[in-house]
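Undergrad: Last residue of the sequence shown: 435 (my numbering), numbering continuous. By construction, the Cβ of each residue, glycine as well, lies at the ideal position given by its N, Cα and C atoms. To start, I am sharing the structure in question, which I have written as structure tokens.
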Amino acid sequence: MIDLSKIDYRFVIMDESGKQYNIKDFVENLGWEQGDGELSTRISFTSKNEKSTKGLISSIAKLGCLVGIFATDGAKINEEVARGYIVDWKPTVSSDTDKLDGKCYDLLYNLQESQDNIYYSAGTGTKTAIVQIFDNWEIPLGEYKGPNESHGKLAYKSESLSDVILDILDDAYKMGGTKCVVQDRKGKVYVLPFANNKTVYHFAAENTKQISHKRSTAGMITRVKIIGQEDDDGRSSVEAVVNGNTKFGVRQKIITRGKDDSIEDAKSSGQEIIDDKGEIQEDITVQAPDIPFIRKGDLVHVTVGSVSGYYYVIGIRHDVDSRQMTLDLHVPYKEYEKKAKPAAKSYKVGDVVNFHGGTHYVSSYSGSRGYNARAGRAKITLDPNCRNNGGAHPWHLIHTDGGSNVYGWVDKGTFD
Numbered sequence: 020m021i022d023l024s025k026i027d028y029r030f031v032i033m034d035e036s037g038k039q040y041n042i043k044d045f046v047e048n049l050g051w052e053q054g055d056g057e058l059s060t061r062i063s064f065t066s067k068n069e070k071s072t073k074g075l076i077s078s079i080a081k082l083g084c085l086v087g088i089f090a091t092d093g094a095k096i097n098e099e100v101a102r103g104y105i106v107d108w109k110p111t112v113s114s115d116t117d118k119l120d121g122k123c124y125d126l127l128y129n130l131q132e133s134q135d136n137i138y139y140s141a142g143t144g145t146k147t148a149i150v151q152i153f154d155n156w157e158i159p160l161g162e163y164k165g166p167n168e169s170h171g172k173l174a175y176k177s178e179s180l181s182d183v184i185l186d187i188l189d190d191a192y193k194m195g196g197t198k199c200v201v202q203d204r205k206g207k208v209y210v211l212p213f214a215n216n217k218t219v220y221h222f223a224a225e226n227t228k229q230i231s232h233k234r235s236t237a238g239m240i241t242r243v244k245i246i247g248q249e250d251d252d253g254r255s256s257v258e259a260v261v262n263g264n265t266k267f268g269v270r271q272k273i274i275t276r277g278k279d280d281s282i283e284d285a286k287s288s289g290q291e292i293i294d295d296k297g298e299i300q301e302d303i304t305v306q307a308p309d310i311p312f313i314r315k316g317d318l319v320h321v322t323v324g325s326v327s328g329y330y331y332v333i334g335i336r337h338d339v340d341s342r343q344m345t346l347d348l349h350v351p352y353k354e355y356e357k358k359a360k361p362a363a364k365s366y367k368v369g370d371v372v373n374f375h376g377g378t379h380y381v382s383s384y385s386g387s388r389g390y391n392a393r394a395g396r397a398k399i400t401l402d403p404n405c406r407n408n409g410g411a412h413p414w415h416l417i418h419t420d421g422g423s424n425v426y427g428w429v430d431k432g433t434f435d
């Protein structure tokens, strides 16, 4: 059991020559935070800008210098809990006390502040896509324990690299991969599952200063209506409806199916909207004595008021001066660590299937000419193992009824 009265901190600055200085005794307003939806850890501090044996603090701590916060429990734990490079450097001269204010971010800050155009072809694995970004930005990889799903085509234009990484991980999660957190630990990037901590801290009324718990249905979308293209008179028909949790009423969004999209594609997009916006919004915030070893992504246990059970830390703010911390919590994901993957249905030549409608192509290769085809029953005549498959449109179908006119190569997922 950790003794919070024995927690102690060090604040170390490495100057341009590589020498290290513990300036904790000069510093106030020291803290660090990891925000929800952000990759980088932010450190902020205010230091007395006094002369030391090495000169003014502002002459030691310069832009780009590395800083680190270390914490010990007075017993077995003595480790680095945050690090960053000085991004904001602001000395202030006054009649009272000269000060130096600083803000620092770790290596992942470069990804938050950078945009790029990125394209991954269908079949690219999660790990390959994400590690490539780290390699391009020369961020060393510590450990990757994230998902490695096979993605469809991914294209990003002028997107923040941190948003790209989070989007790829979210896409992998929707396909059954593990829910993960991305962090800089001691100058290396780690992609780790939520609840990867060995020690799970418990918070009850006696060791919690304040807790707030908000549940809201504002902003929910409980139904997505899919409409087709307009006819010559400007009218559009309803092609599908995707329902979510309508217990609190119907909150409807309309999307228009693209000319080249099948109904199944549009329904899949509608389901993604329901999955993202169809749940009750739950915000839980806990203020408690600081435990500097808790990170974003950790699992904690809370039994205070209406909050009871295990929760994920999705954001955290540590304040060294007050020795307090604030945790933003998320209810455990239903899948906890991993979604159960549905068994993939297998198909073979000769199977009669239900074609969803969309496009059939003159060959299986990428870039081949495509034409619109109606939905209906069809027979598989060639499969991905044949010599013609180019990967883009791997299945060959021929219609078996008067409803469909499909006679060509089609994409995976266009029939069942």
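1. Using 8 Å for Cβ pairs, my map puts W428 next to H418. What's the rounded Cβ distance?
2. In terms of alpha-carbon separation, which member of K266, S341 and Y426 lies closest to Y390?
3. Within 10 Å of its beta-carbon, does N226 have 16 or more other beta-carbons around it, so buried, or fewer, so exposed?
4. The alpha helix (DSSP H) that contains F153, what's its start and end?
5. Using 8 Å for Cβ pairs, my map puts T143 next to N167. What's the rounded Cβ distance?
6. Near E249, which residues of its chain fall below 8 Å by C-beta distance, leaving aside the five closest residues on each side in sequence?
7. Should V112 go down as buried or exposed, given a rule of 16 or more other Cβ atoms within 10 Å for buried?
8. Can you have a look at Q39 and say buried or exposed, based on whether 16 or more other CB atoms are within 10 angstroms of its CB?
9. With K193 as the anchor, note down where its alpha helix (DSSP H) starts and where it stops.
10. If you reduce the DSSP assignment to three classes, tell me which class I417 lands in.
11. Taking Q10 as part of the beta strand (DSSP E), name the residues at either end of that continuous run.
12. Determine, using beta carbons only, whether N264 and G297 come nearer to each other than 7 Å.
13. Note down the Cα distance separating D279 from I399, rounded to an integer number of angstroms.
14. Could you say which of V31, S325, D340 and G386 lies nearest to D309 if we only look at CA atoms?
15. With three or more C-beta pairs closer than 8 Å as the rule, is the segment 124-135 touching the segment 54-73?
16. For E52, report the span of its alpha helix (DSSP H) as first-last.
17. Thinking C-alpha only, which one of G268, S66 and W414 is nearest Y380?
18. Can you tell which of Q306, S177, I273 and T304 has the C-alpha that lies nearest to the C-alpha of Q290?
19. Going by beta carbon distance, what residues of the same chain come within less than 6 Å of F11, once the five residues before and after it are set aside?
20. Let me know the beta strand (DSSP E) ranges lying completely inside the segment 268-295, each 3 residues or longer, listed in chain order.
21. Should R443 be labelled buried (16 or more other beta-carbon atoms within 10 Å of its own) or exposed?
22. Measuring straight from C-alpha to C-alpha, what distance separates D302 and P311?
TA: In short:
1. Contact flag wrong, Cβ pair sits at about 14 Å.
2. Closest in alpha carbon position to Y390, among K266, S341 and Y426, is Y426.
3. That one is exposed.
4. Where F153 is concerned, the enclosing alpha helix (DSSP H) stretches over T145 to N155.
5. Wrong, their Cβ atoms sit about 10 Å apart, outside the cutoff.
6. Setting aside the 5 residues that flank it on each side, E249 is surrounded in the same chain by S255, each with a C-beta closer than 8 Å to its C-beta; the list follows chain order.
7. Classification of V112: exposed, given that the 10 Å Cβ count is below 16.
8. Result: exposed.
9. That run of the alpha helix (DSSP H) goes L180 to K193.
10. Assignment of I417 by DSSP, reduced to helix, strand and coil, places it in the strand class.
11. In the structure as shown, the chain begins at 20 and stops at 435. Residue 10 is therefore absent and cannot be evaluated.
12. With contacts defined as CB atoms closer than 7 Å, N264 and G297 qualify as a contacting pair.
13. Distance between the alpha carbons of D279 and I399 is about 22 Å.
14. Closest in C-alpha terms to D309, from the list V31, S325, D340 and G386, comes D340.
15. Between the segment 54-73 and the segment 124-135, the count of C-beta pairs closer than 8 Å reaches three or more; the two stretches touch.
16. E52 -> not in any alpha helix (DSSP H); beta strand (DSSP E) instead, spanning V46 to Q53.
17. Measuring from the Cα of Y380, the nearest candidate turns out to be W414.
18. The candidate whose alpha carbon is nearest that of Q290 is I273.
19. This structure cannot settle anything about residue 11, because the visible part of the chain is limited to 20 through 435.
20. Listed in chain order, the beta strand (DSSP E) elements of length 3 or more contained wholly in the segment 268-295 are 271-275.
21. No answer is possible for residue 443: it lies beyond the span of the chain, which begins at 20 and ends at 435.
22. About 22 Å.
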